[in-house]
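Below is one structure; the comments refer to it alone.
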Amino acid sequence: MTEKSLTTYLQDKKAKGQKLFIPYIVAGGSGLERLEEEIQMLADSGATAIELGIPFSDPVADGPIIQKSAQQAFAHQVTFAKIVAMLQKINAPVPIILMGYANSFLRFGFERLLKELESTDVKGLIIPDIPYEHQELILPALDQTDIALVQLVTLMSKKERIEQLVKGAQGFIYAVTVNGTTGVNQTYRESLDKHLADITELSEIPVLAGFGVSERAHVERFNTCCDGVIVGSKIVDSLARKGVKETGKLVLNLTGNAG
């Protein structure tokens, strides 16, 4: 299997000593007509890549902020098909990673989706409710594409399990930092830093910490023990309440690029 471009892209950033920053937003949470502007803002503010969440009615990992944004997307009549059609028109400055639940992908049709994504900048998928043991449902089709399937590692994962998950993994490792749903104001356990460092030591590809990362202090903390962070709810909330310009300032602050 040929190495995915998302893997080599992130590995190159890491090799140059850069810490990775991947923001998450709900596609169409502010209306699809604003998606291109939001993607450009995130890239201009220092995003290494961008996660786009597919709105879903019954999420299991998303907290109230992201749930609310998904409901707003539905109010804007956003669908998976409309998101893909919009991405076919957008020239994204950084790789795009689609994050959604298995039901959304299966209902759209996986073969159809991969065909329609060929003309987009989507380079990765995150499907949190497809466990490692069932990834063969989609990996054979992905092998024929340049789209990586990103693995998640939780706090409950023991060393043997982590070794299994990181072996042959693509893109990056999504290291979940809490037992629960996404959201701000999370309390992190004291052993988290060692857990992240252990995953990073075992993984041949970059490891990013996500869930609850919402302050510059969180970013600085996790950058010391893994390769970067994923920030979602904080950015989604800012887009909903303050708009694109102010959210750009927030992201600049989180990435340490604020002047």
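If you want our numbering, it's the 1-based position in the sequence shown plus 235.
The beta-carbon is built from N, C-alpha and C at its ideal position, and this holds for glycine as well.
Since this is a predicted model, take the numbers as computed values, not measurements.
I need the straight-line Cα distance from threonine 243 to histidine 453, nearest angstrom please.
Roughly 26 angstroms between the two C-alpha positions.
Classify proline 258 as helix, strand or coil using the three-state DSSP reduction.
Looking at proline 258 - three-state DSSP - the assignment turns out to be strand.
What residue from Lys251, Glu371, Pro299 and Phe345 has the CA that sits closest to glycine 467's CA?
The shortest C-alpha separation from glycine 467 is found at Pro299.
In chain order, what residues of the same chain have a beta carbon less than 6 angstroms from the beta carbon of serine 473, not counting five sequence neighbours either side?
Excluding sequence neighbours, serine 473 sits near Thr482 and Leu485.
Who are the Cβ neighbours of glycine 281 in its own chain at under 7 angstroms, not counting the five residues just before and after it?
So the qualifying residues of the chain are Phe256, Val486, Leu487, Thr490 and Asn492.
Applying the criterion that 16 or more other CB atoms from any shown protein chain within 10 Å of the CB defines a buried residue, is proline 290 buried or exposed?
So proline 290 counts as buried.
At a cut of 8 angstroms, does the stretch 353-365 reach the stretch 391-399 through at least three beta carbon pairs?
The stretch 353-365 is not in contact with the stretch 391-399.
For leucine 372, is the classification buried or exposed, using 16 other Cβ atoms within 10 angstroms of its Cβ as the cut-off for buried?
Leucine 372 is exposed by the Cβ-count criterion.
Is the separation between the beta-carbon of alanine 410 and that of glycine 447 shorter than 8 angstroms?
The answer is no: Cβ separation not under 8 angstroms.
Would a check of beta-carbon distances place glutamine 399 closer than 8 angstroms to chain B?
Included in the structure is just one protein chain, with no chain B present.
Which whole-angstrom value is the C-beta distance of valine 479 and methionine 276, which I expect to be below 8 angstroms?
Confirmed, Cβ separation roughly 5 angstroms.
Quick one: Cα of leucine 245 to Cα of alanine 308, how far?
Their Cα atoms are separated by approximately 30 angstroms.
Where does the unbroken alpha helix (DSSP H) through glutamate 273 begin, and where does it stop?
Taken as a continuous stretch (DSSP letters only), the alpha helix (DSSP H) holding glutamate 273 covers 270-279.
Per DSSP, which residues does glycine 252 bridge with? Please list them.
DSSP output for glycine 252 lists no bridge partner at all.
My parser needs the beta strand (DSSP E) runs of 3 or more residues fully inside the stretch 421-463; what are they?
Segments of the beta strand (DSSP E) lying fully in the stretch 421-463: 442-445.
Taking its Cβ as the centre, do 16 or more other Cβ atoms sit within 10 Å of histidine 430, making it buried, or is it exposed?
Classification of histidine 430: buried, given that the 10 Å Cβ count is 16 or more.
Going by C-alpha to C-alpha distance, which of Lys350, Gln386, Arg476 and Lys469 sits closest to tyrosine 259?
The shortest C-alpha separation from tyrosine 259 is found at Lys469.
Is the CB-CB distance between aspartate 462 and leucine 443 below 8 angstroms?
Yes, the pair counts as a contact, with Cβ atoms nearer than the cut-off.
Taking the alpha-carbon of leucine 348 as reference, which of Ser392, Ala432, Ala316 and Arg269 has the nearest alpha-carbon?
The candidate whose alpha carbon is nearest that of leucine 348 is Ala316.
Within the continuous alpha helix (DSSP H) that includes lysine 350, where are the two ends?
345-351 is the extent of the alpha helix (DSSP H) around lysine 350.
For glutamate 368, name the three-state secondary structure that DSSP assigns.
The answer is helix: DSSP assigns glutamate 368 an H, G or I state.
Who are the Cβ neighbours of isoleucine 274 in its own chain at under 7 angstroms, not counting the five residues just before and after it?
So the list reads Ile285, Ile325 and Ala327, once near-sequence residues are dropped.
Which same chain residues, not among the five before or five after lysine 254, have their C-beta less than 6 angstroms away from its C-beta?
Asn458 and Gly463.
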